[in-house]
Structures are given as structure tokens and as C-alpha cells.
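J.:
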Amino acid sequence: MIVIHLRRAIDAYEARTGERVTHEDLAARTGLSRATLDSLASRRDYNASLRAIARICRALRCTPGELLELVPDDDEIRETE
24 MIVIHLRRAI DAYEARTGER VTHEDLAART GLSRATLDSL ASRRDYNASL RAIARICRAL
84 RCTPGELLEL VPDDDEIRET E
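Counting from 24, one number per residue, gives the positions in the sequence shown under the working numbering.
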């Protein structure tokens with residue numbers, strides 16, 4: 024499963040720039056809805072489009088590797104046991 028670490032990416036942007044960014048600000052910068060950003064931040068299984076990921080990366084000046092993480096899902100963990 025790929026996990027989206029939106030809060031971590033926002034925090035890293037804020038640390039680099041000193042600029043506070045809310046989901047509302049990010050929505051305005053990316054053209055994504057606030058509801059989409061809230062879902063990205065809170066739902067582990069949210070299926071984000073590559074276009075949304077690209078918009079967030081551009082707005083937060085980060086790479087997809089800084090925003091996304093590949094973690095084993097429950098099925099993969101069971102298979103290795």
C-alpha cells in the first residue's frame with residue numbers, strides 16, 4: 024500500500040520556508056478541493072490521482088518520494104508469516 028504523508032510534507036515545507044500552510048491554502052494553490060486534501064491526510068486507503076500528487080508536490084516544492092511511502096499492507100504481512 025502507498026501511504027500519503029501530507030502532514031509531514033506540509034511540516035517540511037513550513038520548516039524550509041517559515042510559511043504556515045493550511046489545507047485551505049493548499050487547496051487554493053493546487054486547485055484541489057479541501058475535501059480531497061482532507062481525505063488525503065486522513066484516509067490511508069485514499070486513491071489519489073498522479074495529477075493530484077503532482078500538484079501537491081509542486082505547491083510544497085517536494086518530490087513524490089517525500090510525500091509517498093510504500094508500506095506492506097495486511098495481506099502482504101500475512102503472506103510472509
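Quick reminder that beta carbons are idealized off the backbone N, C-alpha and C, glycines included.
Per DSSP, which one or two residues make a beta bridge with Leu55?
T.: Residue 55 sits at position 32 when you count from the first residue of the sequence shown. Leu55 pairs with nothing; no bridge assigned.
J.: From the DSSP output, in three-state form, read off Glu89 for me.
T.: Position 66 of the sequence shown holds residue 89. Annotated three-state conformation of Glu89 is helix, per DSSP.
J.: Quick check on the DSSP output: the beta strand (DSSP E) that includes Val26 runs from which residue to which?
T.: Position 3 of the sequence shown, counted from the start, is the residue given in the question as residue 26. Run containing Val26: Ile25 to Ile27, per the beta strand (DSSP E) assignment.
J.: Return the first residue and the last residue of the alpha helix (DSSP H) that Ala71 is part of.
T.: Position 48 of the sequence shown, counted from the first residue, corresponds to residue 71. For Ala71, no alpha helix (DSSP H) segment is defined, and its DSSP state is neither H nor E.
J.: Going by beta-carbon coordinates alone, are Val26 and Leu83 separated by less than 9 Å?
T.: Reading the sequence shown from its first residue, position 3 is the one you call residue 26. Reading the sequence shown from its first residue, position 60 is the one you call residue 83. Annotated as distal: Val26 and Leu83, with beta-carbon spacing of 9 Å or more.
J.: From Arg148 to Ala38, what distance separates their C-alpha atoms?
T.: The first residue shown for the chain is 24 and the last is 104, placing residue 148 beyond what the model contains.
J.: So what's Glu37 in DSSP terms, helix, strand or just coil?
T.: Numbered from its first residue, the sequence shown carries residue 37 at position 14. In the structure shown, Glu37 sits in a helix (DSSP, three-state: H, G or I).
J.: Please return the same chain residues whose Cβ sits closer than 7 Å to the Cβ of Pro87, not counting the five positions on each side in sequence.
T.: Translated into positions along the sequence shown, residue 87 becomes position 64. Closer than 7 Å at the Cβ level, and outside the excluded window around Pro87, lie Ile76 and Cys80.
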